[in-house]
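Protein chains: 2
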Amino acid sequence: MAAQPAAPAIDPGCRVLGLRERKKQRTRDALVDAAHTLFLDRGYGDTTVDEIAAAVDVSQRTFFRYFANKEEVALAVMADAEDFFIDCLRGRPAAENPLQAMRAAITEAWRTLGEGRGTGPGGVTAALELFELIETTPTLLAAHLRRTTEQERVVAGVLADREGLDPLTDLRPRLLAAVFGSVVRISHLSWSTDGAGADAGPDGMIELIERHLDQLGPALAGSWRA
Amino acid sequence: MAAQPAAPAIDPGCRVLGLRERKKQRTRDALVDAAHTLFLDRGYGDTTVDEIAAAVDVSQRTFFRYFANKEEVALAVMADAEDFFIDCLRGRPAAENPLQAMRAAITEAWRTLGEGRGTGPGGVTAALELFELIETTPTLLAAHLRRTTEQERVVAGVLADREGLDPLTDLRPRLLAAVFGSVVRISHLSWSTDGAGADAGPDGMIELIERHLDQLGPALAGSWRA
DNA sequence: AACATTATGTCAGCGACTGACATTAGGCAA
DNA sequence: TTGCCTAATGTCAGTCGCTGACATAATGTT
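Protein chains in written order, with this note's numbering: chain A, 1 to 226; chain B, 227 to 452.
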């Protein structure tokens with residue numbers, strides 16, 4: 001408890017990952033990749049878990065040891081991206097106010113994720129296809145919204161931490177998290193359905209989010225007749 | 227095609243509903259009721275569709291002719307309430323600005339729904355139990371969020387209509403609808419989890435929503451340090 | 001009373017998911 | 001290397017949500 005269990009002179013942890021872990025990571029990635037391809041090809045509902053598993057040469061049972069359900073494999077990359085956003089948010093300097101920090105964090109996240117992998121899995125073009133798939137697949141949309149909502153709770157916690165507030169007493173953290181979540185979702189929608197005059201890169205996404213954030217005030221203002 | 231098919235002198239439509247329709251309505255209500263009871267008793271996941279159908283003495287196949295899936299029967303009353311809210315919103319005078327209209331509509335909806343049926347199905351106590359069930363059941367929460375999101379699109383359309391805007395060009399209708407949806411959802415959460423200092427009646431719910439709406443400005447404000 | 005319509009029941013089947021148990025393979029020590 | 005422990009995988013059987021196809025019964029109409 002006091003000290004770490006005696007470690008060999010050459011820390012085995014320095015070998016980034018054991019063969020076992022690396023193999024697991026590989027099959028997991030392969031599953032996500034195969035699923036992604038199949039879903040985009042013949043649609044989510046018309047793709048069976050057996051087919052995904054077969055594509056990676058793995059039993060169905062193994063698939064369900066990696067993913068709790070069929071939706072999870074489809075939303076895996078989204079989930080990772082959201083986790084990354086939260087990391088970015090945690091890293092923002094305390095000097096920024098809440099809204100500034102959120103804005104900066106999401107810009108940072110999109111910029112980073114967009115770097116180097118414009119195409120290919122996890123890339124921006126793949127993201128666009130994924131958004132459309134989610135939006136047009138009721139089951140996926142439902143699961144995605146749930147995930148998003150869970151993340152908002154985490155975000156609210158981070159915000160409350162930054163400001164030294166009790167998230168149960170003060171309503172602002174949860175509210176800002178939820179409102180920001182809505183803005184991001186609507187932006188994703190605009191990005192995938194109508195081009196909305198934005199270019200297809202991460203910069204286009206960032207611009208869209210900024211545009212929507214800028215409209216928050218006007219939308220909540222008393223009258224819309226300018 | 228040009229005129230309605232010749233109708234008897236005494237309009238048959240005046241008989242509110244034929245025997246057939248009444249019967250259908252009764253079994254539908256019975257299914258919702260039985261499902262509600264079973265879900266609250268042994269939980270959503272541990273209740274099978276067969277059990278619900280059996281409780282109403284109907285085949286499983288018939289159940290699925292009334293509801294597309296297991297979630298739908300659980301969320302039926304919520305769906306009706308949301309539809310009613312939209313009706314209220316449509317009925318608000320054009321003089322009110324968008325936010326005012328939304329505020330007034332939801333107050334009106336809760337007041338009306340709360341009248342007369344404090345207990346019993348569709349009543350306020352039942353609503354509280356339902357909120358908790360939804361919030362603690364991942365599958366239900368996902369389905370509920372999806373429903374809610376669909377409704378937001380409708381609400382945005384109504385708002386755009388009121389103001390004579392194109393909902394594709396102007397971002398404000400969708401934004402306000404989404405933000406309002408978030409406020410309502412968070413209020414529901416507060417209402418069911420922590421009492422949040424509100425009483426259990428519809429008035430308590432209304433008060434909670436008002437409190438959250440009042441905090442929207444502060445939450446979006448630059449600094450939270452007052 | 002005969003007919004058209006529509007709700008319901010029955011049956012067979014697919015696909016998502018789970019628990020239990022056997023088997024294999026990676027990590028580690030003697 | 002050998003052998004053991006543990007963790008990953010495969011196999012199997014079974015439950016449950018859900019659907020299409022067809023038969024039957026109830027209802028409404030002429």
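A virtual CB, placed ideally from N, CA and C, is assigned to each residue, including glycine.
The structure presented is a predicted model; accordingly, all values stated were derived computationally and were not measured.
W224(A): not part of any alpha helix (DSSP H); DSSP gives it neither H nor E. The shortest C-alpha to C-alpha distance from P98(A) to any of P218(A), D203(A), I209(A), F180(A) is the one to F180(A). Contact between the segment 291-300 of chain B and the segment 357-377 of chain B is present: 3 or more CB-CB pairs across the two stretches fall below 8 Å. In chain order, F265, L266, Y270, A300, L366 place their CB closer than 8 Å to the CB of L359(B), counting only its own chain and leaving out the 5 sequence neighbours on each side. Distance from the Cα of R211(A) is smallest, within the candidate group L175(A), I186(A), R162(A), T137(A), for I186(A). Excluding sequence positions up to five before and after A127(A), its CB lies less than 7 Å from no other CB in the same chain.
Counting only residues of its own chain and dropping the five nearest sequence neighbours on each side, R254(B) has a CB closer than 6 Å to the CB of Y292. Between Q441(B) and L175(A), the gap from beta carbon to beta carbon is short of 8 Å. Rounded to whole angstroms, the Cβ separation of C314(B) and E334(B) is 5 Å, and the two are in contact under 8 Å.
Excluding five sequence positions before and after A382(B), the CB atoms of its chain that fall closer than 6 Å to its own CB belong to P393, P399, R400, A403, given in chain order. Residue contact with chain B for V179(A): present (Cβ-Cβ distance below 8 Å to some residue of chain B). The continuous alpha helix (DSSP H) containing R248(B) extends over residues 245-268. By the neighbour-count criterion, in which a residue is buried when 16 or more other Cβ atoms sit within 10 angstroms of its Cβ, D272(B) is exposed.
At the C-beta level, I52(A) and F85(A) stay beyond 8 Å of one another. Apart from sequence neighbours up to five positions away, no residue of its chain approaches L19(A) with a beta-carbon distance below 6 Å. Ranked by Cα distance from S418(B), the options H262(B), G317(B), T362(B) are led by T362(B).
In terms of beta-carbon proximity, Q215(A) lines the interface with chain B, with at least one pair separated by less than 8 Å. A direct Cα-to-Cα measurement between L31(A) and T351(B) gives close to 46 Å. Interface residue (Cβ-Cβ distance to chain B less than 8 Å): D194(A) is classified as such. Taking A76(A) as the centre and dropping the five residues before and after it, the same chain places the C-beta of V32 closer than 6 Å to its C-beta, in chain order.
E247(B) counts as exposed, since fewer than 16 other beta carbons sit within 10 angstroms of its beta carbon.
Look at E341(B) here: in three-state DSSP terms it is coil, with no helix or strand label. Apart from the 5 residues on each side of it in sequence, F64(A) has no Cβ closer than 6 Å to any other Cβ in its chain. With fewer than 16 other Cβ atoms inside 10 Å of its own Cβ, G390(B) counts as exposed. Looking only at M78(A), V56(A), E150(A), the smallest Cα-Cα distance to K24(A) is reached by V56(A). For T362(B), the enclosing alpha helix (DSSP H) stretches over residues 350-362. Listed in chain order, the positions of the segment 142-162 of chain A with a beta carbon within less than 7 Å of a beta carbon of chain B are A142, A143, L145, R146, T149.
Per DSSP, the continuous alpha helix (DSSP H) segment holding G430(B) begins and ends at 428-446. By the C-beta density criterion, R388(B) is buried, having at least 16 other C-beta atoms within 10 angstroms.
The beta carbon of R28(A) does not come within 8 Å of any beta carbon belonging to chain B, so the residue lies off that interface.
Between A200(A) and the set E129(A), P218(A), V184(A), R153(A), the nearest pair of CA atoms involves E129(A). For the 8 Å CB-CB criterion, A330(B) and R318(B) form a contact.
Looking only at G430(B), G448(B), S449(B), A445(B), the smallest Cα-Cα distance to W336(B) is reached by G430(B).
The beta carbon of D420(B) sits closer than 8 Å to none of the beta carbons in its chain outside the five residues before and after it. P173(A) carries a helical assignment under DSSP once its states are collapsed to helix, strand and coil.
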